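Every position in the sequence shown, counted from 1, becomes a number in the numbering used here once 716 is added.
C-beta atoms are modelled at their ideal positions from N, C-alpha and C, and glycine is treated no differently.
Being a predicted model, the structure only gives us computed values, none of them experimental.
For reference, the structure is listed below as structure tokens.
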Amino acid sequence: MRPQALGYSESVPEDTPASVRQKLIDYISSDAVFHGDFTLTSGKKATYYVDLRKVSLDHRVAPLIGQVMLDLIAEVPDVVAVGGMTMGADPVATAILHQGAARGAAYDAFVVRKEPKDHGRGRQVEGPELAGKRVIVLEDTSTTGGSPLAAIAALEKVGAIIAGVAVVVDRDTGAREKIEAAGYPYFAAIGLDDLGLRG
Ligand SMILES: O=P(O)(O)OC[C@H]1O[C@H](OP(=O)(O)OP(=O)(O)O)[C@H](O)[C@@H]1O
Ligand SMILES: O=C(O)c1cc(=O)[nH]c(=O)[nH]1
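Shown next as structure tokens:
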């Protein structure tokens with residue numbers, strides 16, 4: 717509720733999608749960008765690393781991620797579930813699930829294991845049954861696009877229909893091109909220019 721005592725309720729700004737996205741960019745810039753020499757999952761070398769786990773597991777920032785990602789995928793029709801390759805995608809998926817529920821949007825979440833489980837039910841995709849269902853594959857940070865393509869292979873094996881790939885931070889190093897060339901729409905919430913990381 718807005719404070720009545722101010723007497724100028726018109727001037728108390730609501731959060732807008734743009735202001736929420738800017739808050740997220742600020743948190744990522746201050747808490748999740750590390751400079752140095754890094755080896756990436758693809759084996760490539762890099763001079764900075766976006767450790768999105770630092771913010772996707774932070775109670776102040778996870779709700780912002782959920783809201784920004786909901787806005788990013790809002791126009792993709794008939795999507796019933798979101799998720800991706802564990803573990804970077806996992807907190808992003810649950811943020812969407814919870815923020816979506818708060819908005820009345822019914823997205824379930826799923827987790828794709830890096831390898832099928834070698835006991836129990838032997839599943840690689842955990843969560844709801846996805847055969848014949850449209851899903852969005854999530855990524856926290858995307859470099860080559862190899863991880864979402866591996867997640868897609870596992871999802872298609874269980875009959876899911878891929879409606880697109882949505883990433884929080886895109887490093888602009890070929891993931892979009894690779895995903896689109898494979899025939900999937902690619903959505904990115906935040907890029908190098910937003911984070912002041914472009915060359
Ligand atoms: O676009 P790509 O070249 O596939 O690289 C990006 C992937 O690398 C990171 O995961 P990582 O493999 O470090 O695993 P983790 O999420 O389990 O930490 C990140 O979370 C992405 O999933
Ligand atoms: O390519 C990667 O492995 C990678 C890059 C990055 O900036 N952040 C991350 O979590 N993974």
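Pair within 9 Å by beta-carbon distance, residue i and residue j
i    : j    : result
V771 : A748 : yes
V828 : A879 : no
A805 : A867 : yes
A762 : L768 : no
P844 : M801 : no
Y900 : A891 : no
L740 : V792 : no
Alpha carbon of residue i to alpha carbon of residue j, nearest angstrom
i    : j    : result
E872 : V841 : 10 Å
T889 : T859 : 6 Å
A870 : G862 : 13 Å
D824 : A811 : 11 Å
K833 : I744 : 33 Å
Q738 : V853 : 23 Å
L846 : G799 : 11 Å
M803 : E855 : 9 Å
G848 : V874 : 9 Å
P779 : A817 : 12 Å
E831 : R850 : 22 Å
A898 : P729 : 42 Å
Q720 : D742 : Its pLDDT being 49, under 50, Q720 is placed unreliably by the model, and nothing is read from it.
G907 : I781 : 14 Å
Nonlocal neighbours in the same chain, by C-beta distance under 6 Å from residue i, ignoring five residues either side
i    : result
G915 : none
G723 : Because the pLDDT of G723 is 49, which lies under 50, any placement of that residue in the model is unreliable, and the number read from its coordinates should be weighed accordingly. Cβ neighbours of G723 beyond the five flanking positions: none.
V883 : E855, S858 and A904
I895 : G861, V881 and Y902
I930 : Given a span of 717 to 915 for the chain in the structure shown, any question on residue 930 remains unanswerable.
First and last residue of the uninterrupted alpha helix (DSSP H) at residue i
i    : result
H775 : Looking at the DSSP string, H775 is not in any alpha helix (DSSP H), and its letter there is neither H nor E.
D742 : P733 to D747
R850 : Per DSSP, R850 belongs to no alpha helix (DSSP H); it is in the beta strand (DSSP E), R850 to S858.
K760 : K760 -> no alpha helix (DSSP H), and no H or E assigned at all.
D909 : L908 to L911
D767 : Neither: D767 is in no alpha helix (DSSP H) and is coded neither H nor E.
Exposure label - residue i; buried when at least 16 CB within 10 Å
i    : result
F750 : exposed
T857 : buried
P807 : buried
D910 : buried
L773 : exposed
D886 : buried
A822 : exposed
Endpoints, the beta strand (DSSP E) within which residue i is located
i    : result
V792 : It is not in any beta strand (DSSP E) - V792 carries neither H nor E in the DSSP assignment.
G880 : I877 to D886
A897 : From DSSP, A897 is part of no beta strand (DSSP E) but of the alpha helix (DSSP H) over A891 to A897.
V921 : With the chain covering only 717 through 915, there is no way to say anything about residue 921.
Cβ neighbours of residue i in the same chain (closer than 8 Å, five flanking residues each side left out)
i    : result
P733 : Q783, V784 and D787
Own chain, CB closer than 7 Å to residue i, minus 5 neighbours either side, in chain order
i    : result
Y765 : F750 and F754
Check: residue i C-beta below 8 Å from any heavy atom of ligand 3
i    : result
K761 : Of the ligands one can find in the structure shown, namely ligand 1 and ligand 2, none is ligand 3.
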